[in-house]
Structure formats: C-alpha cells, structure tokens
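Undergrad: UniProt numbering puts the first residue of the sequence shown at 1, with every later residue one more than the last. All C-beta atoms in this analysis are idealised placements derived from N, C-alpha and C, irrespective of residue type, glycine included.
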Amino acid sequence: MANKAKILFMLQVPPPVHGAALRNKSLIESKEIKDNFNIKLLPINFADSIADIGKMSIKKIAKVIIYWFRLALALVSRPNAVYFTISPFGTPFLRDVFYVALVRLFGVKRIFHLRGLGIKKSYEGKFKKLLYDFAFKNAYVIILNNNQFEDVSFLPYKECFVVPNGMKDEASEFLNSNIKQESTLLYLSNYVKDKGALLFVDLVEALIRKGYNIKALMAGADADVTKIQIENLLTEKGIDENVEVNGPIFEKQKFELYAKASIFIFPSFIDLNPGVVIEAMQSKLPVVSTPIGGIPEIVDDNETGFIVPEITVKEFVAKTEILLNDSKLREDFGNNGRAKYLKMYNQESFENNIRDTFYKILQQ
Numbered sequence: 001m002a003n004k005a006k007i008l009f010m011l012q013v014p015p016p017v018h019g020a021a022l023r024n025k026s027l028i029e030s031k032e033i034k035d036n037f038n039i040k041l042l043p044i045n046f047a048d049s050i051a052d053i054g055k056m057s058i059k060k061i062a063k064v065i066i067y068w069f070r071l072a073l074a075l076v077s078r079p080n081a082v083y084f085t086i087s088p089f090g091t092p093f094l095r096d097v098f099y100v101a102l103v104r105l106f107g108v109k110r111i112f113h114l115r116g117l118g119i120k121k122s123y124e125g126k127f128k129k130l131l132y133d134f135a136f137k138n139a140y141v142i143i144l145n146n147n148q149f150e151d152v153s154f155l156p157y158k159e160c161f162v163v164p165n166g167m168k169d170e171a172s173e174f175l176n177s178n179i180k181q182e183s184t185l186l187y188l189s190n191y192v193k194d195k196g197a198l199l200f201v202d203l204v205e206a207l208i209r210k211g212y213n214i215k216a217l218m219a220g221a222d223a224d225v226t227k228i229q230i231e232n233l234l235t236e237k238g239i240d241e242n243v244e245v246n247g248p249i250f251e252k253q254k255f256e257l258y259a260k261a262s263i264f265i266f267p268s269f270i271d272l273n274p275g276v277v278i279e280a281m282q283s284k285l286p287v288v289s290t291p292i293g294g295i296p297e298i299v300d301d302n303e304t305g306f307i308v309p310e311i312t313v314k315e316f317v318a319k320t321e322i323l324l325n326d327s328k329l330r331e332d333f334g335n336n337g338r339a340k341y342l343k344m345y346n347q348e349s350f351e352n353n354i355r356d357t358f359y360k361i362l363q364q
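1. Look at the alpha carbon of A171 and the alpha carbon of Q282, and state the distance between them as a whole number of angstroms.
2. Figure out for me which residue from C160, T235 and P88 has the closest Cα to the Cα of V243.
3. Can you tell me whether DSSP reads K260 as helix, strand or coil?
4. Could you pull the start and end residues of the beta strand (DSSP E) that P43 belongs to?
5. Which full runs of the alpha helix (DSSP H) of 4+ residues lie inside the stretch 103–182, going along the chain?
6. Does the Cβ of I179 have 16 or more other Cβ atoms within 10 Å, making it buried, or fewer, making it exposed?
7. Ignoring anything shorter than 4 residues or poking outside the stretch 258–320, list the alpha helix (DSSP H) runs there in chain order.
8. Could you tell me which of G116, N325 and A81 sits nearest to G275, measuring between CA atoms?
9. Report yes or no: do the stretch 138–145 and the stretch 117–129 share at least 3 C-beta pairs separated by less than 8 angstroms?
10. Under DSSP, the beta strand (DSSP E) around V82 begins and ends at which residues?
11. Which two residues bound the contiguous alpha helix (DSSP H) that contains T357?
12. Can you have a look at S262 and say buried or exposed, based on whether 16 or more other CB atoms are within 10 angstroms of its CB?
13. With a floor of 3 residues, list each beta strand (DSSP E) that falls wholly inside the stretch 223–262, ordered by position along the chain.
14. Between which two residues does the beta strand (DSSP E) holding Y187 run?
15. So, under 8 angstroms CB-CB, A5 and N38 are touching, yes? Tell me the CB distance rounded to an integer number of Å.
16. S268 and D222: beta carbons closer than 8 angstroms?
17. Classify N273 as buried or exposed, calling it buried when 16 or more other Cβ atoms lie within 10 Å of its own Cβ.
18. Checking 8 angstroms against the spacing of the C-beta atoms, do V103 and V82 come in under that value?
19. Of the choices F106, T357 and Y132, whose alpha-carbon is the least far from that of E74?
20. Examine the Cβ distances between the stretch 343–357 and the stretch 30–37 and report whether three or more of them are shorter than 8 angstroms.
21. Tell me, please, whether the stretch 303–320 touches the stretch 279–295 by the rule of three or more beta-carbon pairs shorter than 8 angstroms.
22. Report all residues from its chain with a CB closer than 6 angstroms to the CB of N246; omit the five preceding and five following residues, and keep chain order.
23. Of the choices I228, Y123 and G238, whose alpha-carbon is the least far from that of A197?
24. Counting along the chain, where does the alpha helix (DSSP H) carrying I58 start and finish?
25. Residue range of the alpha helix (DSSP H) that A206 falls in?
26. In its own chain, which residues sit with a C-beta less than 7 angstroms from the C-beta of I311, not counting the 5 before and 5 after it?
27. Which residues in the same chain have their Cβ closer than 7 angstroms to the Cβ of residue 398, if we skip the five residues on either side of it in sequence?
28. Using 8 angstroms as the threshold, is the C-beta distance between residue 368 and T85 below it?
29. At what residues does the alpha helix (DSSP H) containing K328 begin and finish?
30. I'd like the list of long-range same chain contacts for T320, defined as Cβ closer than 6 angstroms, with 5 residues on each side in sequence excluded.
Structure representation (structure tokens):
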C-alpha cells in the first residue's frame, strides 16, 4: 500500500513476559497492521524481570534518559502518530510525562493505550491534576472495556475508543486431548499477592479441609511472592502433595496446563483485562474470578463462570464447590466461554479494531 501513514510504536515488549507486553508483541508482529501502516518500534523495557518491576535503580534512570534521546531521534522523521502504552499512575506515569512532553513539542498525534487502572484514584492535588491534564490534552485514548471509562472520563482527551483485547487461538490443538484431570484447579499468573497467589493457596487448603479430593496446578514467575515461598507455605499447611508449583511457562506448555485443569481460578485484586482469563475461556475452562476492572465484562456470571461478590476465601470456596460438584455445569460454562472467545476476543477482531481505530484517528 503506497503512502502508508507512519506510526511510532513506543511499547513494552518481552522480556519480561506479562500480559501487556504480550499484547504489544502481537500487534508489532501483526500482518494486518504492517500491511496498513508504516510501523517503527521504539521498545521501552525498564525491568529485567517480573520481580524487578516497580523497583528504582540507577540502571532504570539511565534507561529513561537513553529512551528520551531515542524518542527525539525518531520524532525527527515526523511520524503521523505515536502509539504509547502510557502508565496510568505512580512514578511510571511521572516518567512517561517526560516522553509525552517531547511528543507534544514535536506536535505529533498521541495515541495512548491504557492497559491499567488507577488514574481516577491518583487524580488529586493541583500538581498531579496539571500533569494528567497536560499529558492527556487533545490525546486519543484507547481503553480495554466499558468499565474502564469511569477511570478516564474526566480527562481532557480528544476522543476515547474501546478496543477489547484479542488473542491467537492456541488452545484448539488441546481441546480434544485426554489429559484433563478431574477436580483440578489452576492458577496461572505471576506470583503477585495482589493477583491472588496466596488466596489461591488458602482456597485449596479450605477445600481439602472440607473433604474435597482435589489437585491444584500453579505456574508463574517470582514477584513479591516466590515459588520457594509458596512451596514452603504448602508444606506448612500439609497440602504440598496436592499442589504442583511451576515456574513461568509459555506457549504450548502453557496451554497444555490449561488442558489438564478442570476449573480456572483467578483471584486478582488489580487486573483490568487479564489475558489469562481469555486464554482459559478459549481452553473451555469455567472461570471463577473477581469483580475487578473489566473481568465482569469478560466472564459472564453464571454463564461462562462465576464472579465472586467479595474477594474472600469464603466466597471463592462457595463458587468453586458448585463447579466441583457439577461436571455438566463445568462443561456448559466451558463451552460458553469458548464461544464468547471466538466471537469477541479473537486475534483477528483485535487487530481489525486497532486498525480501524488508527485510521479514524489519523483522518482527524
């Protein structure tokens, strides 16, 4: 396609591996996006590992400066827009304003893809309000779901677009496999307290104490909780033989783990649009999760899984028991989840929606 618009992608990409980085990687590699736009990537990777995220260091400060100069050089070529996964709050937001100021200086359109919550809570005090208003003034904003709109509605952006995440179908080859294990719960996320890693352990313990003969699978990278700490905790509780604890797993190995499980548990306190929930649905797993962010938009309560009314072990036990005791319900929820994934959260729809959104912005 002649005269394709130039878009500078300023994105986090793996490593380390986390949901936002994987979604960014899928866009960078998208044939649909590359066929329609002239893409240049400026990768911004501040952390070397999941455990390193949120920690300050001299190395990170140096990277902030280096990326600023790289951005300046990239802007000299006058891209039509900068597509940036801006951080919504905290020190990372203050860092990102440093880059936004440069983009504004060059007069280039800003497209902010917000992959987290926290702006509304942080929008307080004269100085912070000035920074948010400066960063978002006349920018274009992409959010992941309708529930997120409340977090950004008061900002002075030019237009806001809702684009749900989409993912490649990597589960299909395992759907007819014979490796599924009955009464097996799965936690698949980085070992973060706020993602519910420890709550999952407490859930498994509570169900075993109630007499359920269950197994559990866990997989993730070390963060503010480590694999060793979880293994020690399981031993202390006397349930270590019931739980298999893995490190980080990817691609085929990950979907093999989904195929082994019978129920997916995601007890997160913080996630906006978790990719693992979508992966579980494409794997025909019923999901038990929390009323946080856009999770209730992804998981249809009583249709593709359960949304607990409160994030407590008691509520997770109650919902998980229903599924453990009803194999037909597990199957129905799993089939419904797969159907919803194919209709709303597939990779093709995601890429097409992003493509159309870019065109709408560039035409203004």
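TA: Taking the coordinates as given:
1. 6 angstroms
2. T235
3. helix
4. F37 to P43
5. 119–122 and 126–136
6. exposed
7. 275–282 and 295–298
8. G116
9. no
10. A81 to F84
11. Q347 to L362
12. buried
13. 243–246
14. T184 to L188
15. 7 angstroms
16. no
17. buried
18. yes
19. Position check: residue 74 holds Ala in this sequence, whereas Glu was assumed. Checking every option, the nearest Cα to that of A74 belongs to F106.
20. yes
21. yes
22. A219
23. I228
24. I58 to V76
25. A197 to R209
26. P267, F269 and T290
27. Residue 398 cannot be examined here, being either before or after the span of the chain that is shown, 1 to 364.
28. No statement about residue 368 is possible, as the shown extent of the chain runs from 1 to 364 and does not include it.
29. S327 to M344
30. V288
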